[in-house]
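The opening residue of the sequence shown carries number 758 in my numbering; numbering runs sequentially from there. Yeah, the Cβ is synthetic: ideal placement off N, Cα and C, and Gly gets one too. Please read these numbers as outputs of a predicted model, since none were measured by experiment. Written below as structure tokens is the structure these notes are about.
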Amino acid sequence: MLDAEDRIIAMIDELEHLARRRSDAWQVPREEGEFLYSLVLSSHARLVVEVGTSYGFSGLFLGAALRTTGGLLHTIDNDPRKYEMARSTFERAGLADIITIHLGDARQILPTIEGPIDMAFLDADKEMTREYFDLVWKYVRRGGSVLTDNVVTHHEQLKKFVQYVRGRQDVRSGQVAIGNGLEWTVKVA
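Encoded structure:
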């Protein structure tokens, strides 16, 4: 029988293998997942929200860290097939008690999650990023953060969004040069 950490690592390895075989298995690189894991631990996050579950790769890192902090992850995806795969992934990894996976439109689901949110991870439809950010931002606590994925790999699509968040008076925001490129936005007011 694998212990809890071994089960999670086995699922991470399995999803990395899956991503090499499937064109729709969008996921962060492992080093980006490890960064998210470290950020949850160092911030002592207790409530994390993810928009864009896919097959659950980043959710494994977030969930593993939240097991240590005693927190919970709410992750949202609108693809029924990916929802089922992620649900199975989280169960097999032993994280089903920490991770609530929602199927549907994030714009309708985000307002139903009771905050305050310590951290949010946005990795879904790039053209909807600003709308997702604005929805989740009202529930992020002061000192909490929103990490937006793909600001390097999808620079043109996210350029206006990055300008928008960096122009706000209630944030400190900058790029983290890891993986696909993250915009790390911290609520200061």
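Residue environment, residue i, which counts as buried when at least 16 other CB atoms sit within 10 Å
i: residue 816; result: buried
i: residue 759; result: Low per-residue confidence applies at residue 759: pLDDT is 41, beneath 50, and the placement is therefore not dependable enough to give any value.
i: residue 795; result: exposed
i: residue 945; result: exposed
i: residue 940; result: buried
i: residue 828; result: buried
i: residue 859; result: buried
i: residue 930; result: buried
i: residue 834; result: buried
Beta carbon of residue i nearer than 9 Å to that of residue j
i: residue 826; j: residue 806; result: no
i: residue 954; j: residue 792; result: Residue 954 falls outside the range modelled here, since the chain spans only 758 to 946, and no answer is possible.
i: residue 819; j: residue 890; result: no
i: residue 814; j: residue 851; result: no
i: residue 772; j: residue 808; result: no
i: residue 864; j: residue 888; result: yes
i: residue 870; j: residue 896; result: yes
i: residue 764; j: residue 849; result: yes
i: residue 762; j: residue 821; result: yes
Integer-rounded CB distance, given that residue j should sit under 8 Å from residue i
i: residue 937; j: residue 909; result: 6 Å
i: residue 843; j: residue 812; result: 6 Å
i: residue 785; j: residue 880; result: 7 Å
i: residue 768; j: residue 857; result: About 17 Å separates the two Cβ atoms, so there is no contact after all.
i: residue 918; j: residue 886; result: 5 Å
Any non-hydrogen atom of the ligand COA within 8 Å of residue i CB
i: residue 799; result: As for the ligand COA, it is missing from this structure, which has no ligand bound.
Quiz item: Should the region 893-912 be called in touch with the region 856-874, which here means at least 3 C-beta pairs below 8 Å?
Solution: yes
Quiz item: Which residue spans inside the region 841-870 form an unbroken alpha helix (DSSP H) run of at least 4?
Solution: 863-866
Exercise. Give, in chain order, every unbroken run of the alpha helix (DSSP H) that is at least 4 residues long and sits entirely within the region 780-821.
Key: 787-800
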